[in-house]
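Everything below concerns the one structure shown next.
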Amino acid sequence: MEFIHTNGYKPFPELAVHKLHGMRFYEAPDGLKYPSITTVLGKRPGKQEGLQKWRDRIGEEQARIVSGKAARRGTVFHNIVETYLKNSDISDMKSDHFLAWHMFGELKDSLNTKITKVVMQEQTMHSPKYKVAGRCDFIGEYEGELSIVDFKTTTTEKKESWIEDYFIQCAAYATMFEEHTGMTIENIVIMMVAENGTVQIFEKKVADYLPLLQEVMDEFYLNLDLDK
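For the record, in the sequence shown the residue sitting at position 41 is 44 according to our numbering, with numbers rising by one throughout.
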């Protein structure tokens, strides 16, 4: 399988990363610093409380182990997907993480049949309009339509109602891309693989999540105090 690569836009600048009070910020070419969209979403009301309840339920040590395993699995999985979509050899990546390799194997057919063109991979972007930045997994044509595509791993299958943050995150990437290129992206696609091999694909419209993006950004800046 060979993926077609194209862009048609001026290159994006790489943004320097800064840690400010434990939060990730990206520095734009004009020197302004914008929070990572993942940092912003992690500050949503109830998010930290929910994570703490989970830690309390299973214990801090077990939570650390589970989180570490999930992070390693996700990192290797993303590396495999990124390399595969670049039309590069992935055969030597099998030994990096056995489970991640097999989870990629479950997604491979969907990548081959649904991804019709690669526009951008793993790129930092920012939005002066929403005052936010981030690193986008993938932009390309999904079933012939320009889309923000995010690749996710999960321990167990997820309900759509549990992953609202994913859709907001992708909406942020879409507006970052449009502000830089003038090209509008209307579609969000989440391609998720569970440890049992189940593939879930969620498709949404960017426009439906821009009001929520504005809401979470307003709330973040309302509560932001870097002098603390």
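Beta carbons are placed, not taken as given, at the ideal position from N, Cα and C, and that holds for glycine.
{"Item": "In the DSSP assignment, find the beta strand (DSSP E) that holds glutamate 144 and state where it starts and stops.", "Value": "135 to 145"}
{"Item": "Any contact of the stretch 138 to 150 with the stretch 115 to 123, i.e. 3+ C-beta pairs under 8 angstroms?", "Value": "yes"}
{"Item": "Give me the Cα-Cα distance between phenylalanine 180 and lysine 162, rounded to the nearest whole angstrom.", "Value": "28 angstroms"}
{"Item": "Alpha carbons only, please: which of Thr9, Pro14 and Met4 is nearest the one belonging to threonine 184?", "Value": "Pro14"}
{"Item": "Where does tyrosine 224 land, buried or exposed, given buried means 16+ other C-beta within 10 angstroms?", "Value": "exposed"}
{"Item": "Taking the alpha carbon of tyrosine 169 as the point to measure from, which residue in Glu189, Ile193, Thr158 and Glu182 has its own alpha carbon closest?", "Value": "Ile193"}
{"Item": "Per DSSP, what kind of secondary structure is proline 214 in: helix, strand or coil?", "Value": "helix"}
{"Item": "Please identify the residue among Thr86, Ser39, Leu23 and Val202 whose C-alpha is closest to the C-alpha of arginine 138.", "Value": "Ser39"}
{"Item": "Should the stretch 120 to 136 be called in touch with the stretch 92 to 105, which here means at least 3 C-beta pairs below 8 angstroms?", "Value": "no"}
{"Item": "Leucine 114: which of Met4, Asn226, Ile171 and Arg60 sits nearest, CA to CA?", "Value": "Met4"}
{"Item": "CB tyrosine 12 to CB valine 20, shorter than 8 angstroms?", "Value": "no"}
{"Item": "Do you know whose CA, among Ala73, Ile7, Arg47 and Pro32, lies nearest glutamine 172's CA?", "Value": "Arg47"}
{"Item": "Work out the CA separation of serine 150 and lysine 89 for me, nearest whole Å.", "Value": "17 angstroms"}
{"Item": "May I have the straight-line CA-CA distance separating aspartate 230 from leucine 44, to the nearest angstrom?", "Value": "In this prediction, aspartate 230 scores a pLDDT of 46, lower than 50, which makes its location untrustworthy; the coordinate-derived value is nonetheless stated afterwards. Roughly 21 angstroms between the two C-alpha positions."}
{"Item": "According to DSSP, simplified to helix, strand and coil, what is serine 39?", "Value": "strand"}
{"Item": "When the Cα of isoleucine 142 is compared with those of Asp33, Ala103, Glu109 and Glu85, which residue comes out closest?", "Value": "Glu85"}
{"Item": "Would DSSP call histidine 21 helix, strand or coil?", "Value": "strand"}
{"Item": "Taking C-alpha atoms, which residue in Gln203, Asp92 and Thr42 lies nearest to valine 152?", "Value": "Gln203"}
{"Item": "What would DSSP say about alanine 197, mapped onto helix, strand or coil?", "Value": "strand"}
{"Item": "So which of Pro32, Ala31 and Ala175 has the shortest CA-CA distance to threonine 41?", "Value": "Ala175"}
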